[in-house]
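**Q**
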Ligand code: DAT
Ligand code: MG
């Protein structure tokens, strides 16, 4: 059994997509283990996205993710990381297939509705950052 970290970003939260997004993961068969509404501090945002520190979009990414409430979650199941990423779709909604969250609800890469960990190692690191090491 594997765990992954998923977060409805401020755009998805503001648009009222939390329930729809939870439903898609549940229908797939993943199991919700943790969930909470929170506002991400700049410090947490910079740690969460530290791999992107040198990218030109880093400042805007931190501004965006701290701009309003998010819904942070832990999902469990076989291959949870890969299965969650396939439900979420490609990073740029313009490339994401219809039927994926980003394909159905996103338009541009800056506001792509949802985050999902990219590896089991990232998942454990991100779960630790957002939920403590439980
Ligand atoms: P993902 O969220 O699919 O794991 P990532 O880790 O490469 O994608 O990037 C993290 C977030 O940064 C992504 O969800 C949206 C933003 N981002 C990525 N590439 C971008 C770009 N070229 N311009 C603006 N924002 C970008
Ligand atoms: Mg990523």
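Residue numbers (the numbering used here): 20 to 153. Cβ atoms here follow ideal geometry from the backbone N, Cα and C, with glycine treated the same way.
For residue 54, tell me which candidate among 69, 24, 43, 136 has the shortest Cα-Cα distance.
**A** On the chain shown, residue 54 is found 35 positions in, with the first residue counted as 1. Cα-wise, what sits closest to residue 54 is 24.
**Q** Can you find a heavy atom of the ligand MG that lies under 7 Å from the Cβ of residue 137?
**A** For the purposes of this step, residue 137 is taken as residue 118 along the chain shown, with counting starting at 1. Yes, Cβ of residue 137 sits closer than 7 Å to a heavy atom of the ligand MG.
**Q** Indicate, with yes or no, if the ligand DAT has a heavy atom lying under 7 Å from the CB of residue 67.
**A** Within the chain shown, residue 67 is the residue found at index 48, counting from 1. Checking the Cβ of residue 67 against the ligand DAT gives no.
**Q** Going by CA-CA distance only, name the one from 147, 33, 69, 41 that's closest to residue 86.
**A** Here residue 86 refers to the residue found at position 67 of the chain shown. Of 147, 33, 69, 41, the residue nearest in Cα terms is 33.
**Q** Along the chain, where does the beta strand (DSSP E) that runs through residue 51 open and close?
**A** Locating residue 51 in the chain shown gives position 32, counting from the first residue. Unbroken beta strand (DSSP E) run through residue 51: 50-57.
**Q** On the DSSP bridge assignment, give the partners of residue 93 in chain order.
**A** Translated into the one-based positions of the chain shown, residue 93 becomes position 74. Paired residue(s): 24, 53.
**Q** Following the continuous beta strand (DSSP E) through residue 133, name the residue where it begins and the one where it ends.
**A** Taking the chain shown and counting its residues from 1, one reaches residue 133 at position 114. Run containing residue 133: 133-135, per the beta strand (DSSP E) assignment.
**Q** Tell me, please, whether the segment 48-62 touches the segment 91-109 by the rule of three or more beta-carbon pairs shorter than 8 Å.
**A** Output reads yes: the segment 91-109 touches the segment 48-62.
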